[in-house]
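First up is the structure itself, then whatever we jot down about it.
Residue numbers (my numbering): 69 to 386.
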């Protein structure tokens, strides 16, 4: 599947000649970056970390759950998290921003989509796809012992929220959402379905190497608008909210409120850091398909694409 480019790799959001070099700040103290549960976020975070190291900073990568990282960010135990999806962010994040302990530091720039998806061969098993209404009539082919009499939807891992379940309820579809154990479990479902030509309905997203590796298609759902999430009267089900597609996803970065004062140049680097689908997705494939270590894959990309990231570092430090 072709992916659109969201930005030309890593770019400056200001003209380099106008940007003033910032003070380095507390270079004797490590900057701690959150590492969440999915491969794309690992790539995003390690590229950012290598940029900070190139600027002269010490960097630590700290494992943190997507939904529970914001208290640590507010407390300054973690200093930045670099791939937050607006469609899957917790209420806790909004509370921390409102109280001023967490600050947004700009968009990441990935062209993203989330939705209810299926491997392409499933269209032959459920005539009428990609129209969502087709799922009303063929739910039984997706059924398992766990979900009878309804079909099974493989949803995101439980700590990523319940967006798939929300759509099944909102659209009154006869499916039970079963959380996957991890991103790896989602991939295993796609692989098994593709190899066996078996039915599968799954909550998934792009950019992701699996979208093209397994020829994954999205179900056509009613366009996700703000009213859909607040007004039951909107949409095909007058008795429920969430009877529509995911809202368009914004992917952005956030930091501890004390970050800018403590490491001014690092803050500028992370603010101006952006990553494109065309850069992230091949690195994801090199890790998940080819078995490469994230550190090695990112190091190779950094050495081969210095023209994409070096100007951001230089503008902040020279």
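Ideal Cβ positions, reconstructed from N, Cα and C, are used throughout, including at glycine.
Q. Can you tell which of 159, 154, 118, 127 has the C-alpha that lies nearest to the C-alpha of residue 138?
A. For the residues 159, 154, 118, 127, the minimum Cα distance to residue 138 belongs to 159.
Q.
I'd like to check one pair, residue 122 with residue 369: are the Cβ atoms closer than 9 Å?
A. For the pair residue 369 and residue 122, the CB atoms are not nearer than the 9 Å cut-off.
Q) What are the start and end residues of the alpha helix (DSSP H) that includes residue 338? A) Where residue 338 is concerned, the enclosing alpha helix (DSSP H) stretches over 332–340.
Q.
Spatial neighbours of residue 94 within its chain, please: C-beta separation below 8 Å, excluding the five flanking residues on both sides.
A. Closer than 8 Å at the Cβ level, and outside the excluded window around residue 94, lie 330, 331.
Q. What does residue 153 pair with, by DSSP beta-bridge criteria?
A. When DSSP reads this structure, residue 153 sits in a beta bridge with 319.
Q) Which residue spans inside the stretch 88–139 form an unbroken beta strand (DSSP E) run of at least 3? A) Listed in chain order, the complete beta strand (DSSP E) runs (minimum 3 residues) inside the stretch 88–139 are 99–103, 127–131.
Q. Are the Cβ atoms of residue 148 and residue 386 separated by less than 9 Å?
A. No Cβ-Cβ contact shorter than 9 Å links residue 148 with residue 386.
(Q) Is the separation between the beta-carbon of residue 366 and that of residue 114 shorter than 9 Å? (A) Between residue 366 and residue 114, the C-beta spacing is below 9 Å.
Q. Since residue 107 and residue 356 are thought to touch, with beta carbons under 8 Å apart, how far apart are those beta carbons, to the nearest angstrom?
A. Between residue 356 and residue 107 the Cβ distance is about 5 Å, and since that is below 8 Å, they are a contact.
Q) What residues in its chain sit with their C-beta under 7 Å from that of residue 140, if we drop five residues either side in the sequence? A) Excluding the 5 residues flanking it on each side, residue 140 has same chain C-beta neighbours closer than 7 Å at 132, 146, in chain order.
Q) From residue 198 to residue 97, what does the alpha carbon distance come to, in whole angstroms? A) Each residue's Cα considered, the two are about 52 Å apart.
Q) Per DSSP, what kind of secondary structure is residue 215 in: helix, strand or coil? A) In the structure shown, residue 215 falls within a coil segment according to DSSP collapsed to helix, strand and coil.
(Q) For residue 306 and residue 151, I'd like the C-alpha separation in whole angstroms. (A) Between residue 306 and residue 151, the C-alpha separation is close to 34 Å.
Q) When you compare only the Cα positions, how much space is there between residue 126 and residue 180? A) Distance between the alpha carbons of residue 126 and residue 180 is about 31 Å.
Q. Between the Cα of residue 136 and the Cα atoms of 290, 105, 251, 335, which residue gives the shortest distance?
A. Looking only at 290, 105, 251, 335, the smallest Cα-Cα distance to residue 136 is reached by 105.
**Q.** Among 162, 172, 119, 310, nearest to residue 327 - alpha-carbon criterion
**A.** If we check each option's Cα against that of residue 327, 172 comes out closest.
Q | Exposed unless 16 or more other CB atoms sit within 10 angstroms - verdict on residue 372 | A | By the 10 Å Cβ count, residue 372 comes out exposed.
**Q.** Reference residue 309; option with closest CA among 215, 316, 315, 295
**A.** Selected option, being the one with the closest Cα: 295.
Q) CA-CA distance, residue 335 and residue 166? A) Approximately 20 Å between the Cα atoms of the pair.
**Q.** residue 242 - containing alpha helix (DSSP H), residue span
**A.** Counting along the chain, residue 242 falls outside any alpha helix (DSSP H), and DSSP gives it neither H nor E.
Q: Mind checking which residues open and close the beta strand (DSSP E) that includes residue 257?
A: Counting along the chain, residue 257 falls outside any beta strand (DSSP E), though it belongs to the alpha helix (DSSP H) covering 251–264.
Q | Rounded C-alpha distance that separates residue 268 from residue 340 | A | Residue 268 and residue 340 have their C-alpha atoms spaced approximately 39 Å apart.
(Q) Given a cut-off of 9 Å on the beta-carbon distance, is the pair residue 289 and residue 200 in contact? (A) With a cutoff of 9 Å on beta-carbon distance, residue 289 and residue 200 are scored as near each other.
**Q.** the stretch 345–362 / the stretch 181–194 touching (three or more Cβ pairs under 8 Å)
**A.** No contact exists between the stretch 345–362 and the stretch 181–194.
Q: Grab the span of the alpha helix (DSSP H) containing residue 203 for me, first residue to last.
A: Residue 203 -> alpha helix (DSSP H) spans 202–206.
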